[in-house]
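Novice:
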């Protein structure tokens, strides 16, 4: 009768998907943070663009490239990010409304065939239900594969954008009098601040995102004072984590975060105008590179999560072929079919729980006036006083 190998493969990928839930959520969350940072950057009008290698024309090209990058981000948000955030709820809805009920109907047919093994009407009804299930899984498989391919293309685009910004910064570094060590040192300090804020957020989640239902994110700015004319590098920080037990607010006045900010503030005072411009471009390039790398990590995580929907298509293909070719079957044969379909139904019940675990609601508070140094109460008040936006709407605007 049905292949035990096909069943064991399906069971295996379902188990792996369950084990990978936290990794998937972490990948989505990190990707959202990077995308928010790309969105929040802006390229200011430089007062001395004629000093750049290539002159003002070179800086005009920088502006044009950044406009294209932000346009790519909006397109990505409206298409791929929208699908990534909607995928788990869509699978849950389809599983509960179609997959589980149809498996129940198919098992009812098998019970009737155990009672009357030669009933062709019931056998044909069983095959009809299995074919419909196969069609649903084929559609899921096609949709998810197209999403992975889209992510691959967009990852390449963002890598190209990052390389372009880095090349422009590298050209500017050739200007006489630019202190390259100072720029590199400050870039490292900014990365440390980002990492310290994010690691505190994950620590509040107990080191795992499995129980997290949503992440609220606020924007804070690191002012590059002095020579830069006051424009800022922006961070999208995971300001709150919403769990099943309530809302936990991240304080920004932790000792290590205060130290990070103080170091950055002191060092930016020593930057020349051009050095500040280069710092901004390199920070943008680093963020884009991180974004592109995280898209790749997202692809890997997504491949594991959607594998059961793809392997299920193969399982039902095989099962239909076997049942179609049955000429005579005993009650024991149909009992074996029932055992396998029962295992699939039970496994899919668990898969729905996995889909619920990886569902992540992300909200952005774009006008919350967050600052490094705020305590929990101040962060909460700033968020409460701010309008909120769904992350897809925020990035696409």
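Residue numbers (the working numbering): 37 to 433. Even glycine gets a Cβ: it sits at the ideal position worked out from N, Cα and C. As the structure is a computational prediction, the values presented were derived from the model and not from experiment.
(1) Can you tell which of 237, 114 and 403 has the C-alpha that lies nearest to the C-alpha of residue 274?
(2) Please report the straight-line C-alpha distance between residue 363 and residue 352, rounded to a whole angstrom.
(3) Give me, in chain order, the residues of the same chain whose beta-carbon lies closer than 7 Å to that of residue 349; leave out the 5 immediate sequence neighbours on both sides.
(4) Just to confirm the assignment, what range does the alpha helix (DSSP H) spanning residue 153 have?
(5) Just to check my reading of the structure: residue 406 and residue 400 have Cβ atoms closer than 8 Å, yes? What is that Cβ distance to the nearest angstrom?
(6) From the DSSP output, in three-state form, read off residue 289 for me.
(7) Quick check on this structure: which residue in 320, 167 and 413 has the alpha carbon closest to the alpha carbon of residue 434?
(8) For the region 215–227 and the region 126–144, state whether three or more C-beta atom pairs, one from each stretch, are separated by less than 8 Å.
(9) What are the uninterrupted segments assigned as alpha helix (DSSP H) that are 4 or more residues long and contained completely in the region 288–373, given in chain order?
(10) Can you give the Cα-Cα distance for residue 403 and residue 320, rounded to whole angstroms?
(11) Can you tell me whether residue 110 is buried or exposed? The criterion is at least 16 other CB atoms within 10 Å of its CB, across all chains shown.
(12) What do you reckon, are the CB atoms on residue 317 and residue 106 nearer than 9 Å?
(13) Decide if residue 208 is buried, meaning its Cβ has at least 16 other Cβ atoms within 10 Å, or exposed.
(14) Could you check which residue in 228, 426, 381 and 332 has the C-alpha nearest to that of residue 192?
(15) In or out: residue 203 buried (at least 16 other Cβ within 10 Å) or exposed?
(16) With DSSP collapsed to three states, give me the class of residue 396.
(17) How is the alpha helix (DSSP H) around residue 241 delimited, first residue to last?
(18) From the DSSP output, in three-state form, read off residue 114 for me.
(19) Which of the three DSSP states, helix, strand or coil, is assigned to residue 108?
(20) Do you know offhand how far residue 9's Cα is from residue 161's?
Specialist: In terms of the structure at hand:
(1) If you number the chain shown from 1, residue 274 lands on position 238. Closest in C-alpha terms to residue 274, from the list 237, 114 and 403, comes 237.
(2) Translated into the one-based positions of the chain shown, residue 363 becomes position 327. Translated into the one-based positions of the chain shown, residue 352 becomes position 316. Rounded to whole angstroms, residue 363 and residue 352 show a C-alpha spacing of 19 Å.
(3) Taking the first residue of the chain shown as 1, we reach residue 349 at position 313. Scanning its chain for C-beta atoms nearer than 7 Å, with the 5 sequence neighbours on each side dropped, one finds around residue 349 the residues 170, 173, 174 and 177, in chain order.
(4) Here residue 153 refers to the residue found at position 117 of the chain shown. Here residue 153 belongs to no alpha helix (DSSP H), and DSSP marks it neither H nor E.
(5) To locate residue 406, count along the chain shown from 1; it is residue 370. To locate residue 400, count along the chain shown from 1; it is residue 364. Taking 8 Å as the upper bound for CB-CB distance, residue 406 and residue 400 are not in contact here, some 12 Å apart.
(6) For the purposes of this step, residue 289 is taken as residue 253 along the chain shown, with counting starting at 1. Coil.
(7) Nothing can be reported for residue 434, as the shown portion of the chain is limited to 37 through 433.
(8) Result no; under three Cβ-Cβ pairs closer than 8 Å.
(9) With a minimum length of 4 residues, the continuous alpha helix (DSSP H) runs that stay inside the region 288–373 are 291–304 and 309–360.
(10) Position 367 of the chain shown, counted from the first residue, corresponds to residue 403. Position 284 of the chain shown, counted from the first residue, corresponds to residue 320. In this structure, the straight-line span from the alpha carbon of residue 403 to that of residue 320 is close to 21 Å.
(11) The residue you call residue 110 lines up with position 74 of the chain shown. A residue is called buried when at least 16 other Cβ atoms come within 10 angstroms of its Cβ; residue 110 does not meet this threshold and is exposed.
(12) Stepping through the chain shown from its first residue, residue 317 is reached at position 281. Stepping through the chain shown from its first residue, residue 106 is reached at position 70. Residue 317 places its beta carbon 9 Å or farther from that of residue 106.
(13) Residue numbering aside, residue 208 sits at position 172 when the chain shown is read from its first letter. Of the residues assessed, residue 208 falls on the buried side of the cut-off, its CB having 16 or more other CB atoms within 10 angstroms.
(14) If you number the chain shown from 1, residue 192 lands on position 156. Closest in alpha carbon position to residue 192, among 228, 426, 381 and 332, is 332.
(15) Walking along the chain shown from the start, residue 203 turns up at place 167. Around the beta carbon of residue 203, a 10 Å sphere encloses fewer than 16 other beta carbons of the protein chains shown; the residue is thus reported as exposed.
(16) Here residue 396 is taken as the residue at index 360 of the chain shown, counted from 1. DSSP, reduced to helix, strand and coil, places residue 396 outside both helices and strands of the structure shown, so it counts as coil.
(17) Mapped onto the chain shown, residue 241 falls at position 205. Careful: residue 241 lies outside any alpha helix (DSSP H) and carries neither H nor E.
(18) Taking the first residue of the chain shown as 1, we reach residue 114 at position 78. Of the three classes helix, strand and coil, the one that applies to residue 114 here is helix, per DSSP.
(19) As a first step, residue 108 must be located in the chain shown, where it is residue number 72. It is helical.
(20) Nothing about residue 9 can be read from this structure; the chain reaches only from 37 to 433.
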